[in-house]
Structure formats: structure tokens, C-alpha cells
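Below is one structure, written out as C-alpha cells; comments come after it.
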Amino acid sequence: MTDPVFGITIRRDANEAAVPSNALMSVVGICMPFAKAATAAQEAFDAAFPEGVAVRMNSNDSTKLALCDLDSLFIDAVEGINAQLGPYQVAAQLVVNRVAEGDYIAETIANIVGSSVNGTGINAFVNAGADLGVYPRLIMTPGYTTQQFGALTSLALTTQGTNMTAAPAVAFTGGGADPNKVLPTAHAVMGTGPDAQKVALLVIDNPGAYLSAPLNVTFTGGGAAAGTVLPTATATV
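Going by the numbering used here, the residue at position 226 of the sequence shown is 226; the numbering climbs one at a time, nothing skipped.
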């Protein structure tokens, strides 16, 4: 029994000529922070791996690899790639983007993710074709794919408040005692029409990180009008 067909089906002739692809599908992109070797000069390390700039190299480039901390996850990843090379395969092509290590893991991961607008982090690989002549098809962030940390998942208005002439400021407290804790940030949007002088919406600007306990939400400001009643809200981690 044949498979049912819904809509339009396009079937290519098995004998139809197809244009071959010259794309290199085995180029590996590595985006992560890593340190220099203790014996390497900082200037040489920065020249070989400028922070935030994608660099093309071979996985057997001993000159560049010698500048890196031999105990780093970057070197471990390169050695893992080389271990998978087959007979007569000398090296793999790499595109490496060394990013800054943050003060806490969430900041480091944010640096790895980067910005599509600014072409930073893994988004630098999008421009690798024009800049370096190859596009990485395999993307790696060794050591930064297993982290799970608490963050603000929802922020709901309990009451809208009344008689406010300006959007109140939103603040968070609590969230646990993790030393890496980052409190979230948010802002209030004032309503119009029937919701004038009330908060109509709360927008999460940054969900925070490493939150291990409930959050308290407080509001301040709202203007100087008499009878101002600030809104209330609940936060879910």
C-alpha cells in the first residue's frame, strides 16, 4: 500500500542531473573561553587567538596549540577531534572563536551565544565564509552544554495598581543563596484607555541565573499623584 499524499508532491527523476556541492561539511567550529599556556607570551597568544575574532587553523597546528593551556577544555576538544581522524587523514579544519570568560557561568554562556546583530560568539561563524573561506558545519562549545541553572520563567501581574502617572520600577529580592546568583530584571508597561494609570504588562528583560528559591517582587515610583496604589506581581522560577 502506498503512502497517502496530501497537497503537492514533487518527485525528482532518478536520472536527473544534479549539481555537485563543493561545500566542506567537516569544518569544526569551536567557541569557548580558554587560557594561554603558562610559558606562552600574552602578546603571542592574543595574536594567534584574538578575543572575539574567528580564526581558521588546522587541528595539528602545533605552533598555535602550544600557546594554549594544555589542561584546557579547548585542547581536550582538539585532541578528541584528532583521535577520530582516519588513515591518511592528517588534520581537521577548525574555526576557533575565543570569547571572554565571565565572572559567573551565565555570563560566560552569554558570551558564547553572542549576538546575531554584532556577529559575536557562535554568530561569528555566520561570517566565517566571507572572512576565512570556510563555514563550520559542526559547532562545539566544550564544557558549556550541560549547565542547568534556575531562572525566572514567568512574571504575572496580581493587581494592576491605580492612579500612577509613570511606570513603576520593578525589583527582585530573594532567589536563594547561591554565590553565582544573578537576580532578574524587568520593567512595567503602562496601559491606555480603560487601563490608563495602571500597569498593563510586565516584561522580563533578563531572567537571571542560579536562582534556587522563590523571588519577591516589589514596585517603587509610579509618579507623585495622590492616591497612587502600586501593583503587585508573582514570580515563578
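For glycine and all other residues, C-beta sits at the position ideal for the given N, C-alpha and C. None of the values given here were measured: they were computed from a predicted structure.
In three-state terms, what does DSSP make of residue i?
i	result
S212	coil
L67	coil
L73	helix
T108	helix
I204	strand
G129	helix
G161	coil
A235	strand
G121	helix
F49	coil
V19	coil
A167	coil
V134	coil
A224	coil
A156	strand
G174	strand
Within the same chain, show all residues whose beta-carbon is closer than 6 angstroms to that of residue i, passing over the 5 residues directly before and after it, in chain order.
i	result
V113	G121
N97	C31, A54, A124
V199	Q160, G161, A188, P231
N180	Y104, Y210
T165	G223, A225
M190	A167
Run through the DSSP bridge pairs and tell me what residue i is partnered with.
i	result
V182	A209
Q93	N58
I30	V96, M140
V113	None, per the DSSP bridge assignment.
M190	V199
V229	T162
T218	A171
Return the chain-ordered list of same chain residues with a C-beta closer than 8 angstroms to the C-beta of residue i, the five sequence neighbours on each side being excluded.
i	result
E43	none
M1	Any answer about M1 is weak, because its pLDDT of 45 lies below 50 and its placement is not dependable; what the coordinates show is given next. Excluding sequence neighbours, M1 sits near nothing in its chain.
P142	I30, M32, L73, F74, D76, A77
L70	A37
G129	Y135
Buried or exposed, going by whether 16 or more other CB atoms sit within 10 Å of the CB of residue i?
i	result
Y88	exposed
P184	buried
M25	exposed
T146	exposed
L211	buried
L247	No answer is possible for residue 247: the residues shown for the chain start at 1 and end at 237.
P168	buried
A23	exposed
N15	exposed
V217	buried
T108	buried
G176	exposed
A48	buried
A83	exposed
A106	buried
With a threshold of 7 angstroms on Cβ separation, who are the neighbours of residue i within its own chain once the five nearest residues in sequence on each side are excluded?
i	result
A186	L155, V170, L202, V203, I204, D205
F45	K36, L67
I81	V28, S59, A92
V90	N60
E101	P33, T108
Just checking my contact of residue i with residue j at CB under 8 angstroms: how many whole Å lie between their CB atoms?
i	j	result
V182	A213	With a Cβ gap of about 14 angstroms, V182 and A213 do not count as contacting.
V99	G52	6 angstroms
V95	L132	6 angstroms
A233	T158	6 angstroms
N163	T228	5 angstroms
V245	G150	Because the chain here runs from 1 to 237, residue 245 falls outside it and cannot be looked at.
L152	L215	7 angstroms
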